[in-house]
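J.: If you use the UniProt record's numbering, the sequence shown corresponds to residues 1 to 337, in order. We treat Cβ as the ideally placed atom computed from N, Cα and C, and that holds for glycine. Mind looking over this structure? Questions follow.
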Amino acid sequence: MQDLPNLVDPFARAITYLRVSVTDRCDFRCVYCMSENMTFLPKNDLLTLEELDRLCSRFVDLGVRKLRITGGEPLVRKGIMQFFEAMSRHLASGALDELTLTTNGSQLRRFAKPLADCGVRRVNVSLDTLDEQKFRDITRWGRFAQVMDGIDAAQEAGLKVKLNAVALKGTNDDEAHRMVEWCGQRGFDLTFIEVMPMGEDMGDGLRLDQYWDLKDVRRHLETRWTLTDIPYSTGGPARYVRVEETGQKIGFITPLSHNFCESCNRVRLTCTGQLFMCLGQEDEADLRRVLRESGDDRLLDQAIRAAIARKPKGHDFDYSRQTVGGTMTRHMSHTGG
Ligand code: SAM
Ligand code: SF4
């Protein structure tokens, strides 16, 4: 361990949570995330697994306590278990509290047990619908049965599962009650996510009128369930309630609202080694260049500290039902959702 102070940004927020995208590729083509004919990055642009290890380990040494692996679909990255195995040493040493991932679930049958063996305890699975046809409409390429089987595998391996569902008006609004019920039966927490204006070509799959305000989702759920606010927080943009009938938690993630920025504890590393200090700002730090220019970890630490010193107070999204202001030109699959 180093005796340097941990990463703290100009607004006195300790940066303890790193989200890492390990690939921009995916076996699905969700309408709100990718166009059907996505062009992916050349392989050389991606950080190698060794580079990911080196970089993530710098963050851990600098005080990051939680690592979330995402993508694209993290489990389609070739050799990904090698990376999880490498990161598990930070769990074993006590430097890291949690190693986790966000996945579409398609590869969990194969990887749930090895992930659990690496010390992964929880997994977020993105699932917007329990209807097979709708699932195909949303994911374009996804196979519903395969994801269901993946979720079973995760439970069998002892992983705690949380579902993430993007709230889409006209698509899954009629299923919200059923999702709550099903998650209650399965013992899963459930988080609804407000759809965000990401990517330059949202046009072919996502319509703006699919935006479903989570305040309305909550009101809708309250027609059937008793929801009690709870103070639970992960330092992120989710607000949580307990469903009294089932005992499970429901989170509402409104990334476009400002009310969470003051407690923001996270930064995001893209699969090409760019560090984004805020999901809603374009400012980034090119850590790949530093990584590839020198084997000296002190230079990397300096670059990371310099980036954290530029972390903005909050983001600039302005999403007013009819227009999309502050639309980000990068894809969620690149930045890591
Ligand atoms: N492939 C994995 C998955 O789907 O869970 C990990 C990456 S994916 C980009 C992470 C999360 O971002 C998913 O829960 C997905 O639903 C969400 N997401 C993608 N595009 C989004 C958008 N435009 N608005 C809100 N959430 C989005
Ligand atoms: Fe793939 Fe996840 Fe994006 Fe869907 S949301 S296309 S599963 S990266």
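Is Asn37 helix, strand or coil by DSSP?
T.: Note: Asn37 maps to coil in three-state DSSP.
J.: CB Cys261 to CB Lys215, shorter than 8 Å?
T.: Contact: no.
J.: Grouping DSSP H, G and I as helix and E and B as strand, with all else coil, what is Asp24?
T.: DSSP places Asp24 in coil when its eight states are reduced to three.
J.: On the CB-based measure, 16 or more other CB atoms within 10 Å of its CB, does Ile138 come out buried or exposed?
T.: Looking at its Cβ environment, which holds 16 or more other Cβ atoms inside 10 Å, Ile138 is buried.
J.: Between which two residues does the beta strand (DSSP E) containing Ser126 stretch?
T.: Taken as a continuous stretch (DSSP letters only), the beta strand (DSSP E) holding Ser126 covers 122-126.
J.: For Phe252 and Ser294, what's the separation of their Cα atoms in angstroms?
T.: Rounded to whole angstroms, Phe252 to Ser294 spans 42 Å at the Cα level.
J.: Do Ala167 and Arg161 count as a contact pair if the criterion is CB distance below 8 Å?
T.: Note that residue 161 is Val in the sequence shown here, rather than Arg. No, Cβ-Cβ distance for Val161 and Ala167 is not below 8 Å.
J.: Give the list of continuous alpha helix (DSSP H) stretches no shorter than 4 residues that lie fully inside the segment 49-128.
T.: Runs found: 49-61, 80-92, 108-117.
J.: Skipping 5 residues on each side, what residues in its chain have a beta carbon closer than 6 Å to that of Leu7?
T.: The answer, listed in chain order, is Ile15, Leu62, Gly63, Ile308.
J.: With DSSP as the reference, identify every bridge partner of Lys162, one or two as the case may be.
T.: Asn124, Asp189.
J.: If you draw a straight line from the C-alpha of Gln82 to the C-alpha of Gln133, how long is it?
T.: Taking the straight line joining both Cα atoms gives about 35 Å.
J.: Going by the DSSP bridge assignment, what does Gly251 pair with across the sheet?
T.: Gly251 pairs with Thr191, Tyr240.
J.: To the nearest angstrom, report how far apart Ala92 and Asp229 are at their CA atoms.
T.: Answer to the nearest angstrom: the Cα atoms are 35 Å apart.
J.: Do you know how far the Cα of Arg122 is from the Cα of Arg143?
T.: Straight-line Cα distance between these residues: approximately 22 Å.
J.: How would you write the range of the alpha helix (DSSP H) that Arg288 sits in, first residue to last?
T.: Taken as a continuous stretch (DSSP letters only), the alpha helix (DSSP H) holding Arg288 covers 287-293.
J.: For Tyr211, which beta-bridge partners are listed by DSSP?
T.: Answer by DSSP bridge pairing, in chain order: Leu168.
J.: Measuring from the CB of Gly72, is there a heavy atom of the ligand SAM at a distance below 7 Å?
T.: Yes - the ligand SAM has a heavy atom lying nearer than 7 Å to the Cβ of Gly72.
J.: What three-state label does DSSP hand Gln153 in the structure shown?
T.: Before going on, a small fix: residue 153 reads as Ala here, not Gln. In the structure shown, Ala153 sits in a helix (DSSP, three-state: H, G or I).
J.: Verify the contact flag: Thr234, CB atom, against every heavy atom of the ligand SAM, threshold strictly below 7 Å.
T.: Outside the cutoff, so no.
J.: Could you check where the beta strand (DSSP E) with Phe260 kicks off and where it finishes?
T.: Premise fails: Phe260 is in no beta strand (DSSP E) and is neither H nor E.
J.: Among all the DSSP beta bridges, which residues are the ones paired with Tyr232?
T.: In the DSSP output, where bridge partners are listed per residue, Tyr232 has none listed.
J.: Applying the criterion that 16 or more other CB atoms from any shown protein chain within 10 Å of the CB defines a buried residue, is Phe11 buried or exposed?
T.: When all chains shown are included, Phe11 counts as exposed.
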